[in-house]
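For reference, the structure discussed in these notes is given below.
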Amino acid sequence: MPELPEVETTRRGIEPLVLGKVVERVLVHNASLRWPIPPDLGPILSSQQVCSVERRSKYLLMNFERGTLIIHLGMTGHLRVCRSGEERRKHDHFEILFSDSLVLRFNDSRRFGAIFWTESDPLLHERLVTLGPEPFSDLFSANYLFRTSRGRKIAVKPFVMDARVVVGVGNIYASEALFRARISPARQAGRVSRKAFALLVQSVQDVLSEAIAAGGTTIRDFMDNEGRPGYFKQELKVYGRAGEPCTACGHAVSQTRLGQRSTYYCRKCQK
Ligand SMILES: [Zn+2]
Numbered sequence: 000m001p002e003l004p005e006v007e008t009t010r011r012g013i014e015p016l017v018l019g020k021v022v023e024r025v026l027v028h029n030a031s032l033r034w035p036i037p038p039d040l041g042p043i044l045s046s047q048q049v050c051s052v053e054r055r056s057k058y059l060l061m062n063f064e065r066g067t068l069i070i071h072l073g074m075t076g077h078l079r080v081c082r083s084g085e086e087r088r089k090h091d092h093f094e095i096l097f098s099d100s101l102v103l104r105f106n107d108s109r110r111f112g113a114i115f116w117t118e119s120d121p122l123l124h125e126r127l128v129t130l131g132p133e134p135f136s137d138l139f140s141a142n143y144l145f146r147t148s149r150g151r152k153i154a155v156k157p158f159v160m161d162a163r164v165v166v167g168v169g170n171i172y173a174s175e176a177l178f179r180a181r182i183s184p185a186r187q188a189g190r191v192s193r194k195a196f197a198l199l200v201q202s203v204q205d206v207l208s209e210a211i212a213a214g215g216t217t218i219r220d221f222m223d224n225e226g227r228p229g230y231f232k233q234e235l236k237v238y239g240r241a242g243e244p245c246t247a248c249g250h251a252v253s254q255t256r257l258g259q260r261s262t263y264y265c266r267k268c269q270k
C-alpha cells in the first residue's frame, strides 16, 4: 500500500512531466474506483493547464487553473506518464491526454483509489479537512503532541498512527520512529514527556525523509515505466525483525500486537 514516502516520490516524479501541460481530453475506462470518478471530468479539464502538483497526506493535489484534481492511490494505485500511442495496460482506468501527446495514466488493480474534482480549497475537501498536520510542518512539534495527548490512555503507537493527530505515520514508520526515540510503543500517550515527544518528532521526520530518499525519485521511474519508484529499501531496525538481536543492545527484538497492528520493539531500549 503506498505510504506517504511513495506518494511524495510519485509527486516528485510526476510534477516535472506534467507541469504547464494543457489537457486535450480525458478518458475514463472504468469509473468505479472506491468513489466513482466524476463523469464530467472531460469537459471540466479540457484546455486547462497544470499549475502544480502538491501532496497532502497521501492525496496528490493536481492544481489546474480552475480547480484541483485530488488523487488517492488507494492500495494498489500508481501513476505513470507515457506517449499517447502506447498500448493501454490492464487496470489503466483513467487517463489525461495532454496537447503534446503525453498521457498521464492511473492504474489500479484493486480499485481502492479515488479521484475527486474540487473548485474550492482542496484542503477543505471532506476527505482532507479532518486530517492532522503534516509530519514535516512546524505544526507537528513536541508541544503539539504533548498538548494533544494529555489525559489520553491510548498507547503512543496507535496515537501517532492516528491521521487526526499527524498524517503519514504508517505501521512500519511508527515502529521504527519509536525505536529511535527509545519510547515503548505500549506506553500511554498521556504519559509521554515533552522531551520524549521531541525525540519522537525528530525520529518520525528522519524515518520518513530517509524513506523518501531511498525512493530515489528519477523521472525515468514515471516516464515510459512502471510508475513505481525503485522501491523503498530502507534499513529497518526493528520492524519485521522479531527474535533478531537489537542493533543497539543485542537483546532479541520483541513482537506484539497493538491496535490490531504488528508491533516490533526492544524491551531493553524502549521504555
Ligand atoms: Zn535494544
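When you line the sequence shown up against numbering that gives the first Met the number 0, it's residues 0 to 270, in that order. Every residue, glycine too, gets a C-beta built ideally from N, C-alpha and C. This structure is a prediction, so every number in the text was calculated from the model and none was measured.
Could you check the C-alpha separation between residue i and residue j for me, to the nearest Å?
i, j, result
"Val206", "Arg256", "21 angstroms"
"Val166", "Asp91", "28 angstroms"
"Gly189", "Glu234", "30 angstroms"
"Gly229", "Gly214", "Model confidence at Gly229 stands at a pLDDT of 47, short of 50, so the residue's coordinates are unreliable; what they give is reported in the following sentence. Rounded to the nearest angstrom, the two C-alpha atoms are 6 angstroms apart."
"Gln269", "Arg151", "20 angstroms"
"Ile69", "Thr147", "29 angstroms"
"Gly131", "Leu3", "14 angstroms"
"Ser202", "Arg260", "20 angstroms"
"Pro157", "Gly258", "6 angstroms"
"Glu94", "Arg163", "32 angstroms"
"Asp161", "Ala141", "16 angstroms"
"Gly12", "Phe221", "6 angstroms"
"Ala247", "Val6", "31 angstroms"
"Ser136", "Thr262", "26 angstroms"
"Leu60", "Glu85", "26 angstroms"
"Arg88", "Ser174", "36 angstroms"
"Ile211", "Ser253", "27 angstroms"
"Arg149", "Leu199", "16 angstroms"
"Met0", "Phe115", "20 angstroms"
"Ala176", "Val128", "26 angstroms"
"Asn29", "Asp39", "14 angstroms"
"Pro121", "Thr67", "7 angstroms"
"Cys81", "Leu138", "38 angstroms"
"Ser208", "Pro134", "10 angstroms"
"Arg193", "Lys267", "21 angstroms"
"Asn106", "Tyr172", "26 angstroms"
"Arg186", "Arg79", "42 angstroms"
"Pro15", "Arg240", "38 angstroms"
"Val191", "Glu53", "33 angstroms"
"His250", "Glu243", "8 angstroms"
"Thr9", "Ser31", "23 angstroms"
Would residue i and residue j be called neighbours here (beta carbons separated by less than 7 angstroms)?
i, j, result
"Tyr58", "His71", "yes"
"Phe178", "Lys236", "yes"
"Met74", "Arg109", "yes"
"Leu103", "Val17", "yes"
"Asn62", "Ser46", "no"
"Phe111", "Arg24", "no"
"Ile182", "Ala197", "no"
"Val159", "Val168", "yes"
"Val21", "Gln48", "yes"
"Ser83", "Ser100", "yes"
"Val184", "Tyr264", "Before going on, a small fix: residue 184 reads as Pro here, not Val. Yes, Cβ-Cβ distance for Pro184 and Tyr264 is below 7 angstroms."
From which residue to which residue does the alpha helix (DSSP H) around residue i run?
i, result
"Tyr172", "170 to 179"
"Met61", "Per DSSP, Met61 belongs to no alpha helix (DSSP H); it is in the beta strand (DSSP E), 58 to 63."
"Arg10", "3 to 17"
"Lys156", "155 to 160"
"Pro38", "Pro38 -> no alpha helix (DSSP H), and no H or E assigned at all."
The beta strand (DSSP E) spanning residue i covers which residue range?
i, result
"Arg55", "49 to 55"
"Ile211", "Counting along the chain, Ile211 falls outside any beta strand (DSSP E), though it belongs to the alpha helix (DSSP H) covering 193 to 214."
"Val237", "Where Val237 is concerned, there is no enclosing beta strand (DSSP E), given that its DSSP letter is neither H nor E."
"Thr255", "253 to 257"
"Gly66", "66 to 71"
"Glu23", "22 to 27"
"Thr246", "Careful: Thr246 lies outside any beta strand (DSSP E) and carries neither H nor E."
"Arg186", "Premise fails: Arg186 is in no beta strand (DSSP E) and is neither H nor E."
"Ser261", "260 to 264"
Do we get a CB-CB distance below 7 angstroms when we pair residue i with the residues of chain C?
i, result
"Ser192", "No chain C is present in this structure, which holds just one protein chain."
### Query
Considering only residues of the segment 74 to 153, which uninterrupted beta strand (DSSP E) runs meet the minimum length of 3 residues and lie entirely inside it, listed in chain order?
77 to 82, 91 to 97, 101 to 106, 113 to 117
### Message
As a quick check of your reading: which residues have a C-beta less than 6 angstroms from at least one non-hydrogen atom of ligand 1, in chain order?
### Response
Cys245, Ala247, Cys248, His250, Cys265, Lys267, Cys268
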